[in-house]
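Notes to accompany the following structure.
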Amino acid sequence: MGLASMLQIDEMMGDFNRMNKRQSLYQVLSFAMIVSSALMIWKGLMVVTGSESPIVVVLSGSMEPAFHRGDLLFLTNYKEEPVRVGEIVVFKVEGRDIPIVHRVIKLHEKYVEIPSAHSKQLIIYCFIFIREDGSVKFLTKGDNNNVDDRGLYAPGQLWLTKKDIVGRARGFLPYVGIITIFMNEYPKVKWAILSILAIFVLLHRE
């Protein structure tokens, strides 16, 4: 092989290596842009919905038949909305990492008997305790549970307040989140799927 041919091959290899480096850099930047876009969309949803977790997955069967394990819930958390008995909320408990999806069953009330000024009968008044910040205490329970959630609350805690709420259920998609549960229960599968997705993005050619 002549010197000219060898120089030509070396030049071609150099061009190939430079092209591979540029292509690799392009794929890394593309992957970073995808991740950044996903984070921006998530932050945007947080602002629009007022919830730190606009989308959550139901992890247990405690809310059946309303929601099942693996259902994907869409949440909002507008501070000006009062808490109502019967609505489904997602709340955090001190000492627990995973939020809980349960129904509000009771507001903190007190009944007072006051004698009537016009008869000997007693009139019963119901007062709802409202805190200084305008919030109301409330109690929750899973639809499929036999008892309320006081056993799940922090030690000594009998009621929840609005600051404990992550969001209120506005809609859902059945079983869409089951893959999330599967990956959390089997971490090796989760990392394998994430690695495959990352490799696919990096190797993808436009």
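In full-length UniProt numbering, the protein residues as written are 1 to 206. Ideal placement from N, C-alpha and C gives every residue a C-beta, glycine not left out.
query: Should the stretch 136–143 be regarded as contacting the stretch 35–48, the criterion being three or more beta carbon pairs within less than 8 Å?; result: no
query: From which residue to which residue does the beta strand (DSSP E) around Phe-91 run?; result: 88–91
query: Assign Leu-59 to one of three DSSP states: helix, strand, or coil.; result: coil
query: Give the C-beta separation of Gly-142 and Ser-62 to the nearest angstrom, bearing in mind that I take them to be a contact with Cβ-Cβ under 8 Å.; result: 3 Å
query: Can you have a look at Arg-103 and say buried or exposed, based on whether 16 or more other CB atoms are within 10 angstroms of its CB?; result: buried
query: Which residue or residues does DSSP assign as beta-bridge partners of Lys-141?; result: Arg-103
query: Quick test of the definition: if touching needs 3 or more C-beta pairs under 8 Å, does the stretch 152–163 touch the stretch 42–57?; result: no
query: Looking at Ser-51: is its Cβ nearer than 8 Å to the Cβ of Val-166?; result: yes
query: Would you tell me roughly how many angstroms separate the C-alpha atoms of Val-101 and Gly-44, rounded to the nearest one?; result: 23 Å
query: Short of 7 Å in beta carbon distance, which residues of its chain neighbour Arg-170, apart from the five on each side in sequence? Order them along the chain.; result: Phe-74, Leu-75 and Thr-76
query: So, helix, strand or coil for Val-47, using DSSP?; result: helix
query: Exposed or buried, what is Ile-196 when buried is set at 16 or more other beta-carbons lying within 10 Å of its beta-carbon?; result: exposed
query: Check this for me: beta carbons of Phe-91 and Pro-99, under 8 Å apart or not?; result: yes
query: Identify which residue in Leu-29, Gln-23, Leu-72 and Lys-79 has its Cα closest to the Cα of Val-47.; result: Lys-79
query: When DSSP builds the beta bridges, which residues end up paired with Gly-177?; result: In DSSP, Gly-177 forms no bridge with anything.
query: Let me confirm a value: Val-89 is counted as buried when at least 16 other C-beta atoms fall within 10 Å, else exposed. Which label applies?; result: buried
query: My understanding is that Gly-156 touches Leu-72, with C-beta atoms under 8 Å, so please give their C-beta distance in whole angstroms.; result: Actually they do not touch by this definition, with Cβ atoms about 34 Å apart.
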